[in-house]
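Written out below as structure tokens is the structure these notes cover.
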Amino acid sequence: GDRVDVTGITRGFGFAGVVKRHHMKGAARDSASSHEHHRHMGAIGQRKTPGRVFKGKRMPGHMGVDRRTVQNLTVVDVVPENNLLLISGSVPGYDKSIVIVRPTVK
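The numbering of the sequence shown is this note's numbering, which starts it at 758 and goes up by one.
Below is the structure:
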């Protein structure tokens with residue numbers, strides 16, 4: 758029943774588009790939109806004013822392979838003969854990947 762923080766490397770997705778990376782909706786699937794741009798992002802700026810794209814605009818790019826810490830997870834059981842630590846909750850990374858388990862700080 759102890760609380761722990763788990764740190765690991767997230768799963769990699771390579772170069773991801775805006776639909777997968779930022780959960781954008783995409784274009785309609787009807788005849789009004791062109792046939793090959795359903796998963797593109799559309800316009801990214803305004804008009805002459807401000808005449809630029811703001812910093813932080815959500816765009817396609819590399820996704821995953823980041824160090825992430827999930828806080829305040831519950832230890833369900835410890836099985837020393839099989840070298841297992843059973844944790845309830847979401848743990849970053851692939852199966853059989855290495856994670857760091859520490860006592861919780863919050």
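For every residue, glycine included, the Cβ atom is placed at its ideal position computed from N, Cα and C. Here the structure is a predicted model, which is why all the values come from computation and not from measurement.
If you check the beta carbons only, do residue i and residue j fall under 8 angstroms apart?
| i | j | result |
| --- | --- | --- |
| Gly850 | Arg768 | yes |
| Val776 | Ile844 | no |
Report back the beta-carbon spacing between residue i and residue j to the nearest angstrom; my notes put them in contact at under 8 angstroms.
| i | j | result |
| --- | --- | --- |
| Val761 | Thr861 | 6 angstroms |
| Val832 | Asp759 | 5 angstroms |
| Lys863 | Asn829 | 6 angstroms |
Would you list the one or two residues that DSSP bridges to residue i?
| i | result |
| --- | --- |
| Arg778 | None, per the DSSP bridge assignment. |
| His818 | It should be pointed out that residue 818 corresponds to Gly in this sequence rather than to His. Gly818 pairs with Ala773. |
| Gly765 | Arg825 |
| Pro860 | Val761 |
| Leu804 | Before going on, a small fix: residue 804 reads as Arg here, not Leu. BP columns for Arg804 point to Pro807. |
In whole angstroms, what is the alpha-carbon distance linking residue i and residue j?
| i | j | result |
| --- | --- | --- |
| Gly818 | Gly802 | 18 angstroms |
| Val810 | Val822 | 27 angstroms |
| Arg796 | His780 | 11 angstroms |
| Gly774 | Arg786 | 18 angstroms |
| Met798 | Lys812 | 16 angstroms |
| Glu838 | Ala800 | 58 angstroms |
| Lys805 | Ile855 | 50 angstroms |
| Arg815 | Gly808 | 17 angstroms |
Take residue i and list the residues in its own chain whose beta-carbon comes closer than 7 angstroms to its own, dropping the five residues that flank it on each side.
| i | result |
| --- | --- |
| Val835 | Leu842 |
| Val858 | Val761, Val763, Leu842 |
| Arg824 | Thr764, Ile766 |
Residues in its own chain within less than 6 angstroms of residue i by CB, not counting five upstream and five downstream?
| i | result |
| --- | --- |
| Met820 | Phe770, Ala773, Arg778 |
What does a CB cutoff of less than 8 angstroms around residue i pick up in its chain, not counting 5 residues either side in sequence?
| i | result |
| --- | --- |
| His794 | Ala784 |
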